[in-house]
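Okay, structure first, notes after.
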Amino acid sequence: MTAQSKISTAFDPVATRADFPILSKSIYGKPLVYFDNGASAQKPRQVLDAMRDFSATEYSNVHRGVHYLSGKATDRYEASRRTVQKFLGAAHEDEIVFTKGGTEAINLVAYSYLAPRIQPGDEIVLSVMEHHSNIVPWHFLRERNGAVLKWVDIREDGSLDIEAVDAAITAKTKLVAITHISNVLGTVTPLAEIVARAHAKGVPVLADGAQGAVHELVDVQALDVDFYTLTAHKLYGPTGIGALYGKRKHLKGMRPFNGGGEMIREVTRDVVTYADPPARFEAGTPPIIESVGLAAAIDYLNGLDRAAVRAHEHDLLTYAREGVRQFNWLRVIGDAPGKASILSFETEGMHAHDLATVLDREGVAVRAGHHCAQPLMERFGVASTTRASFGLYNTRAEVDVMLEALAKARKILV
Amino acid sequence: MTAQSKISTAFDPVATRADFPILSKSIYGKPLVYFDNGASAQKPRQVLDAMRDFSATEYSNVHRGVHYLSGKATDRYEASRRTVQKFLGAAHEDEIVFTKGGTEAINLVAYSYLAPRIQPGDEIVLSVMEHHSNIVPWHFLRERNGAVLKWVDIREDGSLDIEAVDAAITAKTKLVAITHISNVLGTVTPLAEIVARAHAKGVPVLADGAQGAVHELVDVQALDVDFYTLTAHKLYGPTGIGALYGKRKHLKGMRPFNGGGEMIREVTRDVVTYADPPARFEAGTPPIIESVGLAAAIDYLNGLDRAAVRAHEHDLLTYAREGVRQFNWLRVIGDAPGKASILSFETEGMHAHDLATVLDREGVAVRAGHHCAQPLMERFGVASTTRASFGLYNTRAEVDVMLEALAKARKILV
Amino acid sequence: MDDTLRELYQDVILDHSKHPRHFGKLVDATNTAQGHNPLCGDRVTMYLKVDASGRIADIAFEGKGCAISQASASLMTDMLVGRTVAEAEKLMGGFLHLVKGEDAGDLDPDDRERLDVMAGVSAFPMRVKCATLAWHTMKSALESGETAKTE
Amino acid sequence: MDDTLRELYQDVILDHSKHPRHFGKLVDATNTAQGHNPLCGDRVTMYLKVDASGRIADIAFEGKGCAISQASASLMTDMLVGRTVAEAEKLMGGFLHLVKGEDAGDLDPDDRERLDVMAGVSAFPMRVKCATLAWHTMKSALESGETAKTE
Ligand SMILES: Cc1ncc(COP(=O)(O)O)c(C=O)c1O
Ligand SMILES: Cc1ncc(COP(=O)(O)O)c(C=O)c1O
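Chains as they are written, first to last, in this note's numbering: chain A, 1 to 414; chain B, 415 to 828; chain C, 829 to 979; chain D, 980 to 1130.
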């Protein structure tokens, strides 16, 4: 049961639980069953320790300083960038831009890459299962620049038809913006194929990797994707930081996003010239301590057998999927083959919020609502769903607790 | 010498040192003398503990969740907002927007408030001592929207002539963007008067409070300023978070900045409507853990006698200012009356970087360079300066170490 | 079985939520307002008919939402119909305190008893907004007809 | 007195920085390049005259900067003038390793000795860029005349 027991090639979820202080918490006297990982994951003490130790021994602002701590902090910050680079399989470290989160990473592309390239009538292709983070920035370009949003529907099981994506890409398409994994359905999109089809028509692809980076082994070079985003807090890392991967050729040609310190080459009263990427896109003091936390989270994941983690999460999903079949009042939304460990469902005669409240009293944290994916809700004709999303530290026993709680909820609410 | 000894109305800097773990560090065998507070301050264990405890016991994503941890985390996040509100003296909590830092706070105003209001030829008034964060966003509006930057010069001692500001404000002025305290000179600008003059001409004022919030007791209502920004990491808080204060009437009329989760009212395929402030400006998962750290930093400061802290910092400045008079090869830049505890200087025959390297070997961390204020460097005809910026935990004895190190540097370098 | 849960989802509440009173539209409404709970996306539309003497002659509401918000809307409409605007406002004020576990002031004992079925919400701070949505919307409808939302 | 500091700021270095050799412009330069160190804002401009046989016939540099960057530029120009481009490139490669504390390869012993005065920089990682600025700029000048900068 110690953190050190992860030496086998397999993976012991119960052992890893000891790494996550919050998991030993009780909620209303019941053990916490944290199934809200899709919204945000809990953080292992390795991450908390790394951030605290760094703050207590090596902290300073980064870049431009000559003194010892400045050097240390800069080294750590840039080492974090290389950790992210390797994690995503990027060719160059300057292809990684630190952002405040996944949302800002997408906005950066919208403001700095796409906005200056949009003529009225130009099209952006996206799927109906996008998170609002991968919708609203494009709506801005519709409102402000006259872009047209081309929505690709999904199949009833939540899977994406590559032909439908292909058909949506026209001579007017300026970007395909697509999630790698749906935060509601768990659907894994055929990213490499989408990229191949889009590139065949000369169109770049942005993949929203907020969920993808958690559940898939990402290799941006193999995917050949143009932009890929991630957010640390879903990756067992801290809040306040995310990253954008962008191909060098794109980043080099992009105008800055925020203006401020660190992103300039020279500022005079009359003109300003900008630094090269990634600095150009990192105005101001960056999330320094958070970068150390993000690197620690990635190190933590790399210290596990990630294939085994994936298998474990998949087992939880299958187990839960089977388990809910007993409830004829429950409809699972999203059953795409190979999907990630996210289970959304609708319950007849019970509103998701009421259900979540009852589950909460049993210690089970699930999310109820539209999951920042309103067009998807509309697609399935529901106002909201209940979502259980599983992380590496969850167990079958916890799924059992949820299943019992669901049965109980039925008794109370109907 | 314990943290608990701060019970008198006075303030004991030596006692507070025990709260800052990094201050007991040695650099090349010499005790760390951290005089780079203007770039970023060190963090007390109260801040580190608060963040860690929160992460280990109450963490979850905020808003939209029904479960226990979501409620806890949301309460903490919103409590942090109220802490900032009170710290700045804002009338309403919805006037506080959390940002990733001071730089983003200014960019938010540039993108969401000013950009849609700028016609070619419209003017933005700013001083030559602005930090790049309060310059480059306005340069963007020059480059992209045809705005004209109107620069207000300062006096030789670094002080700002209110008449010069007034004279720069014309019928074409759309915003006065001015620092509260110069990060290079320490100059405190006459903010209330500037606001009064600007308002008399119907022009709103943004104050860059990155340094001001650290050294002054801010009351945005008394100042009547329209926008005020702060950044947590200079305020003994974490990286990755800052805040924008904006008057309700302004925030209400502003379009969103980043698009994503949390900032919408409704998203469909065809249209999107936005949430009210402050949510409208907080797209995506915010810096939740950092908000707890920022509140802890403010609580920490509030637990001290802030007037006494100010007097202490002023004493350090005076002591250091006197101390450097012995060096006839050293020229202080910035001697405005009532200035904050920031001492910049130029050294004849010694480049700032060489000097900083020698000081570093004596354990003294100072900053050398243009301090993200190139127009100010140009104003004084220097390429760079050396800057010692004092924080609440610094002491006269540390100033003595720096003075000795300066004398030593002279011997080595000249 | 969890008592606070039973208290929250007591039979009266579930009955109101499953069979909401005054559900529907009013074609001849004098005041209407829309309410929105951004937490869960729930919406409600209130239709009022206030007569010349300042009495709420008729009421109806439409919307989708959780059991708490539906029951609360149903209970409210049931209780407010026939009252004067001033009476309605007093009741609304009392309710908004009650569901936060605060002192509801000097309500009529009968009103107090009927409202008490909602008092269990106060043990569920995350759900208070669900309970107040309809009431805030009613307030908007009475005041100006503007869109209300629970913050 | 700190030995590593003395090693860094030894007399040869201070002398070069105070009295830089080849400081100035070349009106008849065949190659030029500008370098910029974003860390400290230091700048350098390199002027080269490469003759028909591929030999660096003349060299000059202009710029402001710290003692390390000025000394490094001065030393470099002094050492490179009169060499072929190929020789210059070998020396540059060796230097860039040396200041990072890495193996400089098989340099001519005399060259090695002259470069050694800069070796102290390797103990100051924050200053390596100051030492390499002129060399990177020289490289750019030889290659394409484009702006160089130390990253
Ligand atoms: C698929 C998807 N994209 C984007 C985001 C946005 O990430 P963040 O909120 O960290 O900015 C999320 C999570 O909220 C997500 O699940
Ligand atoms: C005066 C001033 N304004 C703005 C900033 C920018 O703050 P941040 O780097 O935290 O975004 C700073 C600090 O770097 C500053 O000193």
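The beta carbon of each residue, even a glycine, is placed where N, CA and C say it ideally should be.
Starting from Glu890 (chain C), follow the beta strand (DSSP E) in both directions and report where the run begins and ends.
-> Taking the third sequence and counting its residues from 1, one reaches residue 890 (chain C) at position 62. Start and end: Ile884 to Lys892.
Tell me, please, whether the region 747-764 of chain B touches the region 720-731 of chain B by the rule of three or more beta-carbon pairs shorter than 8 angstroms.
-> As far as the Cβ criterion goes, the region 747-764 of chain B touches the region 720-731 of chain B, which means the pair count is three or higher.
By Cβ distance, which residues of its chain are closer than 6 angstroms to Gly212 (chain A), with the 5 residues on each side in sequence left out?
-> Mapped onto the first sequence, residue 212 (chain A) falls at position 212. So the list reads His180 and Ile181, once near-sequence residues are dropped.
Answer yes or no: the CB of Gln415 (chain A) versus the heavy atoms of ligand 1, is any distance below 7 angstroms?
-> What is shown of chain A runs 1 to 414, which leaves residue 415 (chain A) out entirely.
Would DSSP call Thr983 (chain D) helix, strand or coil?
-> Your numbering for residue 983 (chain D) matches position 4 in the fourth sequence. For Thr983 (chain D), the three-state secondary structure derived from DSSP is helix.
Residue-level contact to chain B via CB, Asp994 (chain D), 8 angstroms cutoff | Looking up residue 994 (chain D) in the fourth sequence gives position 15. Chain B, which has no Cβ nearer than 8 angstroms to the Cβ of Asp994 (chain D), makes this no.
To which residues of the same chain is Ile826 (chain B) closer than 8 angstroms at the C-beta, ignoring the five residues directly before and after it?
-> As a first step, residue 826 (chain B) is located in the second sequence; it is residue number 412 there, counting from the start. Once the five neighbours on either side are set aside, the close Cβ partners of Ile826 (chain B) are Val772.
Roughly how many angstroms lie between the CA atoms of Leu574 (chain B) and Arg745 (chain B), to the nearest whole one?
-> Along the second sequence, read from residue 1 onward, the residue named residue 574 (chain B) stands at position 160. Along the second sequence, read from residue 1 onward, the residue named residue 745 (chain B) stands at position 331. So the alpha carbons of these two residues sit roughly 20 angstroms apart.
Taking 7 angstroms as the cut-off, is the CB of Ser55 (chain A) close to at least one heavy atom of ligand 3?
-> Looking at this structure, you won't find ligand 3 anywhere; what it does contain is ligand 1 and ligand 2.
Secondary structure at Gln844 (chain B), three-state DSSP: helix, strand or coil?
-> As shown, chain B starts at 415 and ends at 828. That puts residue 844 (chain B) outside it, with no answer to give.
Between Ala207 (chain A) and Val184 (chain A), is the Cβ-Cβ spacing less than 8 angstroms?
-> Numbered from 1 along the first sequence, position 207 holds the residue referred to as residue 207 (chain A). Numbered from 1 along the first sequence, position 184 holds the residue referred to as residue 184 (chain A). Not in contact: Ala207 (chain A) and Val184 (chain A) (Cβ atoms no closer than 8 angstroms).
Leaving aside the five residues before and after Val292 (chain A) along the sequence, list all residues of the same chain whose C-beta is less than 8 angstroms from its C-beta, in chain order.
-> As a first step, residue 292 (chain A) must be located in the first sequence, where it is residue number 292. Same-chain partners within the cutoff: Ala50, Met51, Phe54, Arg76, Tyr77 and Ser80.
When the Cα of Arg1022 (chain D) is compared with those of D:Ser1032, D:Leu1005, D:Ala1008 and D:Ala1052, which residue comes out closest?
-> Here the question's residue 1022 (chain D) lines up with position 43 in the fourth sequence. It is D:Ala1052.
List the residues of chain B whose Cβ lies closer than 9 angstroms to the Cβ of Asn107 (chain A), in chain order.
-> As a working mapping, residue 107 (chain A) is identified with position 107 in the first sequence. Those within 9 angstroms of Asn107 (chain A) in chain B are Phe671, Asn672, Gly673, Gly674, Ala697 and Gly698.
Rounded to whole angstroms, what's the CA-CA distance from Gly71 (chain A) to Gly1099 (chain D)? Just pull it up for me.
-> In the first sequence, residue 71 (chain A) corresponds to position 71, counting from 1. In the fourth sequence, residue 1099 (chain D) corresponds to position 120, counting from 1. Cα to Cα, Gly71 (chain A) sits roughly 17 angstroms from Gly1099 (chain D).
Does DSSP put Phe641 (chain B) in a helix, in a strand, or in coil?
-> One-based indexing of the second sequence puts residue 641 (chain B) at position 227. Strand at Phe641 (chain B).
Along the beta strand (DSSP E) that carries Leu343 (chain A), what are the first and last residues, could you check?
-> As a position in the first sequence, residue 343 (chain A) is number 343, starting the count at 1. Segment Ile342 to Thr347, the beta strand (DSSP E) holding Leu343 (chain A).
Jot down the residue ranges of each uninterrupted alpha helix (DSSP H) in the region 239-282 of chain A, minimum 4 residues, whole runs only, in chain order.
-> 248-252
Apart from the five residues on each side of it in sequence, which residues of its chain come closer than 6 angstroms, Cβ to Cβ, to Ile896 (chain C)?
-> Residue mapping note: residue 896 (chain C) aligns to position 68 of the third sequence, counting from 1. Result list for Ile896 (chain C): Arg955, Cys958 and Ala959, in chain order.
Is Leu649 (chain B) closer than 8 angstroms to Val628 (chain B) when the C-beta atoms are compared?
-> Here residue 628 (chain B) refers to the residue found at position 214 of the second sequence. Here residue 649 (chain B) refers to the residue found at position 235 of the second sequence. Result yes, Cβ atoms of Val628 (chain B) and Leu649 (chain B) sit closer than 8 angstroms.
Beta carbon proximity, Met946 (chain C) to chain B, threshold 8 angstroms | The residue given as residue 946 (chain C) occupies position 118 in the third sequence. It does not; no Cβ of chain B falls within 8 angstroms.
Alpha-carbon spacing of Thr1129 (chain D) relative to Gln1013 (chain D), whole angstroms | Numbered from its first residue, the fourth sequence carries residue 1129 (chain D) at position 150. Numbered from its first residue, the fourth sequence carries residue 1013 (chain D) at position 34. Low confidence applies here, because Thr1129 (chain D) scores a pLDDT of 47, under 50, leaving its location unreliable; read the following figure in that light. Computed Cα separation, rounded: 11 angstroms.
Within the present structure, is the beta-carbon of His546 (chain B) separated from the nearest heavy atom of ligand 1 by less than 7 angstroms?
-> What you label residue 546 (chain B) is simply residue 132 of the second sequence in a count that begins at 1. His546 (chain B) Cβ: outside cutoff for every heavy atom of ligand 1.
Taking the DSSP output, what are the residues bridged to Ser541 (chain B)?
-> In the second sequence, counting from the first residue as 1, residue 541 (chain B) sits at position 127. The partner list for Ser541 (chain B) (beta bridge, DSSP) reads B:Val566.
Which residues of chain A have a Cβ atom closer than 9 angstroms to the Cβ of Met1105 (chain D), listed in chain order?
-> Within the fourth sequence, residue 1105 (chain D) is the residue found at index 126, counting from 1. At a C-beta separation below 9 angstroms, Met1105 (chain D) has these neighbours in chain A: Gly65, Val66, His67, Tyr68, Ser70, Gly71 and Thr74.
Nearest to Ala429 (chain B) by alpha carbon, out of B:Ser541, B:Val723 and B:Arg801?
-> Translated into the one-based positions of the second sequence, residue 429 (chain B) becomes position 15. Comparing Cα-Cα distances from Ala429 (chain B) to each of B:Ser541, B:Val723 and B:Arg801, the minimum goes to B:Val723.
Report the residue from B:Val609, B:Pro789, B:Arg496 and B:Gly515 whose alpha carbon sits nearest the alpha carbon of Asp270 (chain A).
-> The sequence position of residue 270 (chain A) within the first sequence is 270, counting from 1. Ranking the options by Cα distance to Asp270 (chain A), first place goes to B:Pro789.
Gly1139 (chain D) touches chain B at which residues, Cβ-Cβ below 9 angstroms?
-> In the structure as shown, chain D starts at 980 and stops at 1130, and residue 1139 (chain D) therefore has no counterpart that could be examined.
Ligand 1 heavy atom lying under 7 angstroms from the CB of His139 (chain A) = Locating residue 139 (chain A) in the first sequence gives position 139, counting from the first residue. Answer for His139 (chain A): no, Cβ out of range of ligand 1.
So, helix, strand or coil for Phe923 (chain C), using DSSP?
-> Sequence index remark: in the third sequence, residue 923 (chain C) carries index 95 (1-based). Of the three classes helix, strand and coil, the one that applies to Phe923 (chain C) here is helix, per DSSP.
For Asp870 (chain C), the residue or residues it bridges with in DSSP | Your numbering for residue 870 (chain C) matches position 42 in the third sequence. Asp870 (chain C) is bridged by DSSP to C:Asn865.
Which word fits Tyr28 (chain A), buried or exposed, when buried means at least 16 other C-beta atoms lie within 10 angstroms of its C-beta?
-> Within the first sequence, the letter at position 28 stands for residue 28 (chain A). It is exposed - the Cβ of Tyr28 (chain A) has fewer than 16 other Cβ atoms within 10 Å.
Whole beta strand (DSSP E) elements within the region 158-224 of chain A, 3-residue minimum | For the region 158-224 of chain A, the continuous beta strand (DSSP E) assignments of 3+ residues that do not extend past its boundaries occur at 173-179 and 205-208, in sequence order.
Rounded straight-line distance, which links the Cα of Leu836 (chain C) to that of Gly242 (chain A) | Here residue 242 (chain A) corresponds to residue number 242 of the first sequence, with the count starting at 1. Here residue 836 (chain C) corresponds to residue number 8 of the third sequence, with the count starting at 1. Straight-line Cα distance between these residues: approximately 40 angstroms.
On a CA-only basis, which of B:Ala505, B:Tyr527 and B:Arg556 is nearest Leu637 (chain B)? Give me that one, please.
-> Looking up residue 637 (chain B) in the second sequence gives position 223. Out of B:Ala505, B:Tyr527 and B:Arg556, B:Ala505 has the C-alpha closest to the C-alpha of Leu637 (chain B).
C-alpha distance - His1015 (chain D) paired with Pro13 (chain A), whole-angstrom precision = One-based indexing of the fourth sequence puts residue 1015 (chain D) at position 36. One-based indexing of the first sequence puts residue 13 (chain A) at position 13. Cα to Cα, the separation comes out at about 51 angstroms.
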